[in-house]
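Quick note on this note's numbering: the sequence shown kicks off at 957 and runs consecutively. Step one of this worksheet: look at the structure below.
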Amino acid sequence: MGLESSTGSDATIDREWGLFVDGEFRPASDGALLEVRNPATGDRLTEVAAGTAEDVDAAVETARDAFKEWKWTDPERRGDLLREVGDVIEAHEDELTRIESLENGKPMWQARRDVELAARRFRYFAGAADKLYGSAVSHTPEEVRTMVYEPYGVAGLIIPWNWPAMHTGDFMSVALAAGNSVVLKPSPSTPVTSLRMAELADEILPDGLINVIPGGVEPGSALSSHENVDIVAFTGSDANGVKVLESAAQNITPVMAELGGKNPTIVFPDADLETAAQTAVSNSFFNSGQACTNPERLLIHEDVYDEFLERVSAQVADFVLGSGLDDETQIGPQATPQQAQKFAEYLDIAVDEGATIHTQASLPDDPELEGGNFVRPTVLTDVDPEMRIAQEEVFGPLVGVMSFADEAEAIEIANGVKYGLSAAIYTQDLERAHRVASRIEAGIIGVNHPSFALQGLPFGGYKRSGIGRKNDFEEAMHDFVQSKSIEIDLTEGGMSL
Ligand code: NAD
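What follows is the structure in structure tokens.
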């Protein structure tokens, strides 16, 4: 496996990929194919089968059959198998890392981390599988009153393109640990990572437990509106989250929704400015600006505004853009041409509304990358909190910088958007850190730390950023089960109402 070339065909990814149903690859019902392109060059990488609503029907039926046994599989055994899935993902880390970097465009080290996180998710929830305790409310010679947790059935999972490996692992690991079977619909631009992970996991798990249907809106909405899907977990934009919620509502199907954000970084004058600037920049521009927890708003206290802005701008100006396969690359291309286009449009909107393009990194000068979806990482100043650039999620490598005079103003600006996914606060004052963290309307807060939650903490948003939590035992695991109350009357005459 050579890592040198960023262009042309690559045997790791260029093989025949079908829909993954019942433990094997198969063509789509109408034979349609989906082309997967390298975001760094625009070149074709491979083709996968593009699923239809009919294919979703078949996958759901297969998953329902597999569920019948998996539901009754000893939870300890389920845990053992899921631990092995974590191991097999780790054993194929190099291959999966390369596939993800190729189809998504992200730097290899970031893709590697993503694959590691996916393996960790399976191990974490492997340990949770046999710890879903019910309760005995009363246990007397006359009666037994108990509550048990049971899985829903078939879980329909819909994921975006920004963390293909981790998103495949996130809901799949918890859904399976809780005893559900799975039909996953990956993004049409990054389906191969999920297909390969399913193929690997199927070496360990029963056939039909994991099914993957690549494609766009057709299989996505067929899944979320399917009457035999028992729970839906959607990760994506809030606009599509609304559609998924609406379609699932037709069958009263519960939905977990991990949606967008417009996260703030807040820098107080007592912060360690050097460390804060480094962390804030990597936080905002991580994953080439395409992470839901990336802060696209940078709020700097007026006393340190100039100094902090200079520190941030110096780093952004020096970013090295390139192919994800190149070790030097800090920022890859946008994952799709549509994302690059959206980024350009938002810069125009920002400038039209009065913002200033303060700093931009340079585009790569390698002619091989001319067809790639590269955009220039950007720092915008003269941003007003009411501007669209300060209100709407771009999902690209930019920050809009604003200043504030005091804590109250910082909190007002931070909370003045429809989203509430995450926030980062920089201060050396513990009392202030606590005050501000408790007043920010967001599901995830970093204090002198990036705005994301590590494994074991609930991950999810307030307001329009979503419903439900993932990655932790307490909330995520309980989201994938329903409780059943059982009362057994042991008296002779029985109980009359
Ligand atoms: P998207 O909403 O366009 O697509 C997400 C997935 O939904 C894709 O698989 C897509 O094919 C599918 N889809 C689109 N329309 C659908 C419909 N009507 N019914 C069913 N499925 C449908 O999002 P994207 O552009 O792929 O990803 C970027 C968005 O995802 C951003 O808003 C980002 O903030 C969000 N995101 C959130 C989290 C989180 O955990 N909160 C994580 C990553 C990304």
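Beta carbons: idealized from backbone N, C-alpha and C, even for Gly. Since the structure is predicted, the reported quantities are computational estimates derived from the model, not experimental observations.
Inter-segment contact for the stretch 1330 to 1337 and the stretch 1298 to 1307 is present: three or more beta-carbon pairs are separated by less than 8 Å. Going by beta carbons, ILE1400 and ASN1371 fall outside the 8 Å limit. In this chain, the alpha helix (DSSP H) harbouring TYR1080 covers 1064 to 1084.
For GLU1363, the CB stays at least 7 Å from every heavy atom of the ligand NAD.
Of the heavy atoms belonging to the ligand NAD, at least one sits nearer than 7 Å to the Cβ of TRP1117.
For ARG1054, the enclosing alpha helix (DSSP H) begins and ends at 1049 to 1060. Check the Cα spacing between LEU1165 and each of SER1129, ASN1196, GLU1252 and GLY1412: the tightest is with SER1129.
PRO1107 sits close to GLY1135, with the two beta carbons spaced by under 8 Å.
Here ILE1045 is near ALA1074, since their CB atoms are less than 8 Å apart. With a cut-off of 7 Å, the C-beta of ILE1442 is classified as distant from the ligand NAD, since no heavy atom of the ligand falls inside that distance. Residue pairing for PRO1251: DSSP places it in a beta bridge opposite ASN1219. Taking C-alpha positions only, ALA1204 is separated from ASP1021 by approximately 21 Å.
Excluding residues up to 5 positions away in sequence, LYS1419 and ARG1420 lie with their Cβ nearer than 7 Å to the Cβ of LYS1374 in the same chain. A heavy atom of the ligand NAD is found nearer than 7 Å to the CB of LYS1199. For ASP1228, same chain residues with a beta-carbon under 8 Å away, outside a window of 5 residues either side, are TYR1382, GLN1384 and ASN1404 in chain order. Scanning its chain for C-beta atoms nearer than 6 Å, with the 5 sequence neighbours on each side dropped, one finds around ALA1085 the residues PRO1031, ARG1034, GLY1035 and ALA1133, in chain order.
Pairwise C-beta distances place the stretch 1309 to 1327 in contact with the stretch 1273 to 1281, as three or more of them are shorter than 8 Å. With a cutoff of 8 Å on beta-carbon distance, ALA1233 and VAL1272 are scored as not near each other. Using a Cβ-Cβ distance cut-off of 8 Å, the stretch 1142 to 1155 and the stretch 1058 to 1072 are in contact, since at least three pairs of beta carbons, one from each stretch, lie closer than that value. Around the beta carbon of ALA1195, a 10 Å sphere encloses fewer than 16 other beta carbons of the protein chains shown; the residue is thus reported as exposed. Fewer than three beta-carbon pairs drawn from the stretch 1084 to 1098 and the stretch 1047 to 1056 are found closer than 8 Å, and the two stretches are therefore not classed as touching. Where SER1394 is concerned, the enclosing alpha helix (DSSP H) starts and stops at 1386 to 1395.
Residue state for THR1149 is assigned as helix, using DSSP reduced to three classes.
A distance below 8 Å separates the beta carbons of GLU1348 and LYS1218. The Cβ-Cβ distance between SER1240 and PRO1251 falls below 8 Å. Closest in alpha carbon position to GLY1288, among GLU1443, ASN1118 and ALA1236, is ASN1118.
In the displayed model, ARG1101 falls within a strand according to three-state DSSP. Residue pairing by DSSP places GLU1003 opposite GLU991 in a beta bridge. One thing to note: ILE1369 has its Cβ no nearer than 8 Å to the Cβ of ALA1306.
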